[in-house]
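K.L.:
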Amino acid sequence: MNLYEFEGKKLFQKHGIAIPHGVVVRRGDDIVATYAQLNREEVVVKAQVLSGKRGKNNGIRFCSTAEEVEKAVNELFGIQIKGQYVAVVRIEEKLSIAEEHYLSIIYDTNTKQPVLVYSSEGGMDIEDVASSKIIKLPLDVRTKEVKLLTDIDINIDINIIQNLWSCFFSEDARLVEINPLVKTSDGQWVAADAKVALDDDAFYRHSTEAQEKAKEKGLDPASITKWDEFEPRTMLGRLPTERELAVKKIDEGEGYYRGTAGKYIEMDGDIAILFSGGGASIANMDALIKEGLQPANYTEYSGNPPREKVYQLAKIVLSKPGLRGLWVAGGVANFTNIEETFHGIVDALDELKPAYPIVVRRAGPYEEEGMKLMRECAKRNGLNMKLFGKEMSMSESVKVLTNIINV
Amino acid sequence: MSFLLQQHTSVLIQGITGKEGQKAAKAMFEYGTNVVCGVTPGKGGQEVEGKPVFNSVTEAKQQYPDVSVSAVYVPPFAAKAAILEAIDTDIPLISVIVERIPIKDTAYCLAAAKEKNIRIIGPSSLGFIVPGVGRIGVVGGPKELCDQVFQLGSIGLISRSGGMTNEVAWQIRKAGLGQSAAVHVGGDLLMGTTYADLLKEFEQDENTKAVVIFGEHGGSYEFEIVDLIKSGGFTKPLAIYIGGKFANLFPEGMNIGHAGAIVGRGQSAEEKEVVLKEVGVMIAERYEDLVTLVAPFA
Chain A
62 MNLYEFEGKK LFQKHGIAIP HGVVVRRGDD IVATYAQLNR EEVVVKAQVL SGKRGKNNGI
122 RFCSTAEEVE KAVNELFGIQ IKGQYVAVVR IEEKLSIAEE HYLSIIYDTN TKQPVLVYSS
182 EGGMDIEDVA SSKIIKLPLD VRTKEVKLLT DIDINIDINI IQNLWSCFFS EDARLVEINP
242 LVKTSDGQWV AADAKVALDD DAFYRHSTEA QEKAKEKGLD PASITKWDEF EPRTMLGRLP
302 TERELAVKKI DEGEGYYRGT AGKYIEMDGD IAILFSGGGA SIANMDALIK EGLQPANYTE
362 YSGNPPREKV YQLAKIVLSK PGLRGLWVAG GVANFTNIEE TFHGIVDALD ELKPAYPIVV
422 RRAGPYEEEG MKLMRECAKR NGLNMKLFGK EMSMSESVKV LTNIINV
Chain B
212 MSFLLQQHTS VLIQGITGKE GQKAAKAMFE YGTNVVCGVT PGKGGQEVEG KPVFNSVTEA
272 KQQYPDVSVS AVYVPPFAAK AAILEAIDTD IPLISVIVER IPIKDTAYCL AAAKEKNIRI
332 IGPSSLGFIV PGVGRIGVVG GPKELCDQVF QLGSIGLISR SGGMTNEVAW QIRKAGLGQS
392 AAVHVGGDLL MGTTYADLLK EFEQDENTKA VVIFGEHGGS YEFEIVDLIK SGGFTKPLAI
452 YIGGKFANLF PEGMNIGHAG AIVGRGQSAE EKEVVLKEVG VMIAERYEDL VTLVAPFA
């Protein structure tokens with residue numbers, strides 16, 4: 062999960078990294094009163110989005126009066142930043158900048174360890190900084206203290222590096238980035254921006270439940286940031302849709318370890334998608350688009366989920382208005398039970414009885430039983446369904462769908 | 212691919228008494244893999260498929276000192292401890308089937324393994340298969356279906372996706388060819404064994420005449436292949452399919468597909484194809500074209 066700047070800054074602060082004084086406003090909040098609360102005249106008004114170059118895309122404004130702030134905030138709520146929805150706006154004190162540096166920690170796929178990245182040229186996109194100006198220091202995830210393994214020339218307070226490492230480490234982050242890390246004219250080090258990505262797989266260590274467990278063990282529960290309390294988000298230029306939020310729930314709680322069926326990204330097209338497996342799903346999306354069809358969603362279930370989970374997913378996928386077709390596709394499964402998973406899809410088809418064409422391509426354990434379920438479902442509901450096994454590739458099967466739709 | 216598995220390689224299953232562990236034990240036995248024992252803390256003394264269960268890897272190794280592969284089937288929160296136990300007891304090849312291990316735990320284990328020159332395949336890897344010799348994990352599924360898909364041959368197969376390992380293997384078989392080995396490297400950001408690591412092994416393997424790879428957008432592992440080929444470390448015919456061209460419909464930083472498939476600058480499917488093509492790698496437009504490209508060399 063990627064965090065908004067204001068959330069990332071809260072984590073920085075928790076780990077002893079100074080941040081500018083600031084407040085956040087949401088739609089409907091009293092902008093002028095919030096600005097007054099900050100008690101600073103010169104401020105920066107910043108759109109909160111999950112990635113992208115805000116500065117270059119007009120997402121950061123400098124203001125010095127309540128009228129200017131109000132105007133800037135309202136404008137930011139009215140635009141998208143590189144296609145992303147502006148959920149929140151942060152107003153913070155304008156720093157008196159002496160120097161701008163860059164500092165981040167990220168996983169390096171070569172060393173398969175975290176790496177510290179530093180540049181004295183902060184403030185711009187690190188990809189645009191000359192590599193001669195970038196210093197990379199390999200870190201070892203097994204040590205809680207930063208050991209600077211090589212002699213290097215980093216002209217920043219070492220405590221900031223240690224604090225950022227502690228943030229990366231104890232918050233289970235995949236990325237922490239301060240750009241720019243500002244040295245103010247009175248010599249203070251302040252994180253003027255924050256980019257943080259958390260590791261979803263470590264959720265169980267940062268939940269309300271984890272906090273309860275910490276309490277039982279006599280640990281400080283406040284040391285655990287509850288990820289389940291972060292507001293819903295998407296990197297797309299809109300709020301998460303109702304269907305997206307509903308699908309996310311399928312894998313939560315008790316269902317967590319029983320296969321995954323909780324992936325659904327709503328798209329603009331009209332071909333509903335039910336893919337099995339992460340790899341097959343991306344290959345199939347490419348094949349579908351190559352055929353000139355437009356996906357209504359990106360969806361993938363995997364790891365042998367039970368009938369009930371697939372049913373819930375299928376029902377939501379098929380509930381999108383304006384569909385013109387459904388493509389159910391997966392590879393030759395290793396151990397996913399085709400009968401069980403297809404039963405879930407059949408339950409949804411029985412309920413919704415779609416009139417548009419359906420093409421299915423799947424093989425693997427209990428494929429005959431699974432195909433029989435589909436065939437019978439098509440028959441009793443009068444569905445326009447074509448079924449294929451491993452004799453046809455997935456990419457070929459989408460051509461069948463294209464041909465039916467284009468007739 | 213003798214480095215992966217030989218007829219007599221002794222295999223241990225960590226987490227053998229769990230649902231997935233038992234299923235895997237059965238699948239491996241069925242295919243002739245020499246599984247000698249299992250480990251589940253607190254369940255020592257039990258048996259699974261007639262093989263003894265021990266409380267710890269150390270105990271297991273005392274009885275079966277020649278164990279040289281461990282297949283890890285434990286819940287994600289127990290994975291780090293289990294893998295470290297296998298590393299501590301010097302098991303040279305650890306196949307980590309566990310999905311959704313926090314990346315910090317994975318990095319910890321990979322660092323510990325590297326110091327002892329231990330190879331980890333995965334995490335989030337279904338396992339691997341050397342047709343006719345044995346398999347680790349459930350690659351290929353039930354024996355009967357597995358035999359329809361896998362047959363010893365000359366094509367090496369590496370895949371970022373478990374499902375596509377089987378699907379691409381099927382396309383190879385459908386074309387009348389067979390596989391020298393098929394390895395699912397896992398879909399996580401950090402891979403214990405990379406494409407390049409395996410290509411070095413396929414280069415040495417006499418049975419392998421060509422290799423196919425199912426890759427994905429995101430991550431930088433395909434670029435290691437370029438370096439390997441440039442340095443002469445891999446010289447056999449290689450075809451690659453890289454999925455995820457549609458991912459550019461989404462903003463940078465978004466995760467589409469496996470955990471390692473993150474939309475990133477310089478890491479798109481197209482960008483990878485360009486550099487791979489430059490060093491002579493054959494690019495497949497569709498995954499089923501992989502076999503068509505390498506068939507003349509098989």
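From first to last, the protein sequence lines stand for chains A and B.
If you're matching positions, the first sequence starts at 62 in this note's numbering and goes up one per residue.
If you're matching positions, the second sequence starts at 212 in this note's numbering and goes up one per residue.
No residue lacks a Cβ here, since even glycine has one placed at the ideal position from N, Cα and C.
The structure displayed is predicted, hence computed values, not measured ones.
Secondary structure at residue 416 (chain A), three-state DSSP: helix, strand or coil?
P.N.:
Numbered from 1 along the first sequence, position 355 holds the residue referred to as residue 416 (chain A). Coil, per DSSP.
K.L.:
Could you name the residues of chain A that residue 375 (chain B) contacts, counting a contact when the two beta carbons are closer than 8 Å?
P.N.:
Reading the second sequence from its first residue, position 164 is the one you call residue 375 (chain B). Those are 338, 340, 341, 344, 392, listed as they occur along chain A.
K.L.:
Do the CB positions of residue 251 (chain B) and residue 264 (chain B) come within less than 8 Å of each other?
P.N.:
Taking the second sequence and counting its residues from 1, the one referred to as residue 251 (chain B) is at position 40. Taking the second sequence and counting its residues from 1, the one referred to as residue 264 (chain B) is at position 53. A contact, by the Cβ cut-off of 8 Å.
K.L.:
Mind checking if residue 319 (chain B) is an interface residue toward chain A, Cβ cutoff 8 Å exclusive?
P.N.:
The sequence position of residue 319 (chain B) within the second sequence is 108, counting from 1. Yes, residue 319 (chain B) counts as interfacial toward chain A.
K.L.:
Rounded C-beta distance between residue 221 (chain B) and residue 278 (chain B)? I'm assuming under 8 Å.
P.N.:
Translated into positions along the second sequence, residue 221 (chain B) becomes position 10. Translated into positions along the second sequence, residue 278 (chain B) becomes position 67. About 5 Å separates the two Cβ atoms, so the contact holds.
K.L.:
The beta strand (DSSP E) spanning residue 169 (chain A) covers which residue range?
P.N.:
Residue 169 (chain A) sits at position 108 when you count from the first residue of the first sequence. Start and end: 158–169.
K.L.:
Which first and last residues belong to the beta strand (DSSP E) in which residue 183 (chain B) is found?
P.N.:
Outside the displayed range of chain B (212 to 509) lies residue 183 (chain B), so it cannot be described from this structure.
K.L.:
Leaving aside the five residues before and after residue 241 (chain B) along the sequence, list all residues of the same chain whose C-beta is less than 8 Å from its C-beta, in chain order.
P.N.:
For this step, residue 241 (chain B) is matched to residue 30 along the second sequence. Around residue 241 (chain B): 353, 354.
K.L.:
Using a beta-carbon distance cut-off of less than 9 Å, what residues from the region 345–364 of chain A approach chain B?
P.N.:
345, 346, 347, 348, 349, 350, 351, 356, 359, 361, 363, 364
K.L.:
Would you check if there are 3 or more beta carbon pairs closer than 8 Å linking the region 312–326 of chain B to the region 435–454 of chain A?
P.N.:
no
K.L.:
Give the DSSP bridge partners of residue 428 (chain B), in chain order.
P.N.:
Within the second sequence, the letter at position 217 stands for residue 428 (chain B). Per DSSP, none; premise fails for residue 428 (chain B).
K.L.:
Can you tell which of B:432, B:427, B:360, B:436 has its C-alpha closest to the C-alpha of residue 454 (chain B)?
P.N.:
Counting from one through the second sequence, the residue named residue 454 (chain B) turns up at place 243. The shortest C-alpha separation from residue 454 (chain B) is found at B:427.
K.L.:
Using a C-beta cutoff of 8 Å, does residue 401 (chain B) count as contacting chain A?
P.N.:
Here residue 401 (chain B) is taken as the residue at index 190 of the second sequence, counted from 1. So, interface residue.
K.L.:
Quick test of the definition: if touching needs 3 or more C-beta pairs under 8 Å, does the region 324–339 of chain A touch the region 98–109 of chain A?
P.N.:
no
K.L.:
Tell me the rounded alpha-carbon separation between residue 447 (chain A) and residue 380 (chain B).
P.N.:
Within the first sequence, the letter at position 386 stands for residue 447 (chain A). Within the second sequence, the letter at position 169 stands for residue 380 (chain B). Each residue's Cα considered, the two are about 25 Å apart.
K.L.:
Terminal residues of the continuous alpha helix (DSSP H) containing residue 231 (chain B)?
P.N.:
Within the second sequence, the letter at position 20 stands for residue 231 (chain B). Note, residue 231 (chain B): alpha helix (DSSP H), 230–241.
K.L.:
Given residue 368 (chain A), which residues of its chain have a CB within under 6 Å of its CB, disregarding the five upstream and five downstream residues?
P.N.:
Locating residue 368 (chain A) in the first sequence gives position 307, counting from the first residue. Excluding residues within five positions, the ones whose Cβ falls inside 6 Å are 401, 404, 405.
K.L.:
Can you pull the DSSP bridge partners for residue 259 (chain A)?
P.N.:
Counted from its first residue, the first sequence places residue 259 (chain A) at position 198. BP columns for residue 259 (chain A) point to A:234.
K.L.:
If you reduce the DSSP assignment to three classes, tell me which class residue 329 (chain B) lands in.
P.N.:
In the second sequence, the residue the question calls residue 329 (chain B) occupies position 118. Looking at residue 329 (chain B) - three-state DSSP - the assignment turns out to be coil, as it is neither helix nor strand.
K.L.:
For residue 243 (chain A) versus residue 225 (chain A), is the C-beta distance shorter than 8 Å?
P.N.:
If you number the first sequence from 1, residue 243 (chain A) lands on position 182. If you number the first sequence from 1, residue 225 (chain A) lands on position 164. Contact flag unset, no.
K.L.:
So which residues of chain B does residue 542 (chain A) contact, with C-beta pairs closer than 7 Å?
P.N.:
For residue 542 (chain A) there is no data in the structure shown, the boundaries of chain A being 62 and 468.
K.L.:
Mind listing, in chain order, the continuous alpha helix (DSSP H) runs of no fewer than 4 residues lying wholly within the region 336–369 of chain A?
P.N.:
339–351
K.L.:
Using a beta-carbon distance below 8 Å, is residue 390 (chain B) in contact with chain A?
P.N.:
Here the question's residue 390 (chain B) lines up with position 179 in the second sequence. No, residue 390 (chain B) does not count as interfacial toward chain A.
K.L.:
Is any beta-carbon of chain B found at less than 8 Å from that of residue 331 (chain A)?
P.N.:
Along the first sequence, read from residue 1 onward, the residue named residue 331 (chain A) stands at position 270. Interface with chain B (8 Å Cβ-Cβ cutoff): residue 331 (chain A) is excluded.
K.L.:
Tell me, please, whether the CB atom of residue 176 (chain A) is closer than 8 Å to any CB atom in chain B?
P.N.:
To locate residue 176 (chain A), count along the first sequence from 1; it is residue 115. Not one chain B Cβ lies under 8 Å of residue 176 (chain A).
K.L.:
If you follow the alpha helix (DSSP H) that residue 298 (chain B) is part of, which residue opens it and which one closes it?
P.N.:
As a first step, residue 298 (chain B) must be located in the second sequence, where it is residue number 87. Note, residue 298 (chain B): alpha helix (DSSP H), 287–299.
K.L.:
So which residues of chain A does residue 337 (chain B) contact, with C-beta pairs closer than 9 Å?
P.N.:
Reading the second sequence from its first residue, position 126 is the one you call residue 337 (chain B). Simply 395, 396.
K.L.:
What does a CB cutoff of less than 7 Å around residue 286 (chain A) pick up in its chain, not counting 5 residues either side in sequence?
P.N.:
Locating residue 286 (chain A) in the first sequence gives position 225, counting from the first residue. Cβ neighbours of residue 286 (chain A) beyond the five flanking positions: 72, 232, 267.
K.L.:
Does any residue of chain B bring its CB to less than 8 Å from the CB of residue 233 (chain A)?
P.N.:
Stepping through the first sequence from its first residue, residue 233 (chain A) is reached at position 172. By this cut-off, residue 233 (chain A) is an interface position.
K.L.:
Among A:435, A:171, A:223, A:180, which has the Cα closest to the Cα of residue 404 (chain B)?
P.N.:
Counting from 1 along the second sequence, the entry for residue 404 (chain B) is found at position 193. For residue 404 (chain B), the nearest C-alpha among the options comes from A:171.
K.L.:
Looking at chain B, is there any beta carbon in it that lies within less than 8 Å of the beta carbon of residue 426 (chain A)?
P.N.:
Within the first sequence, the letter at position 365 stands for residue 426 (chain A). True, the Cβ-Cβ gap to chain B drops below 8 Å.
K.L.:
Any beta carbon from chain A within less than 8 Å of residue 427 (chain B)'s own beta carbon?
P.N.:
Position 216 of the second sequence, counted from the first residue, corresponds to residue 427 (chain B). At least one chain A Cβ lies under 8 Å of residue 427 (chain B).
K.L.:
Would you call the region 443–458 of chain B and the region 242–261 of chain B in contact, with 3 or more CB pairs under 8 Å?
P.N.:
no
K.L.:
Cβ closer than 8 Å: which chain A residues qualify as neighbours of residue 370 (chain B)?
P.N.:
Here residue 370 (chain B) is taken as the residue at index 159 of the second sequence, counted from 1. Contact note: residue 370 (chain B) reaches chain A through 340, using a C-beta cutoff of 8 Å and chain order.
K.L.:
Does the beta-carbon of residue 293 (chain A) have 16 or more other beta-carbons within 10 angstroms, so that it is buried, or is it exposed?
P.N.:
Along the first sequence, read from residue 1 onward, the residue named residue 293 (chain A) stands at position 232. Result: exposed.
K.L.:
By alpha-carbon positions, which one of B:301, B:473, B:305 ends up nearest to residue 334 (chain B)?
P.N.:
Here residue 334 (chain B) refers to the residue found at position 123 of the second sequence. When each option's Cα is compared against that of residue 334 (chain B), the closest is B:305.
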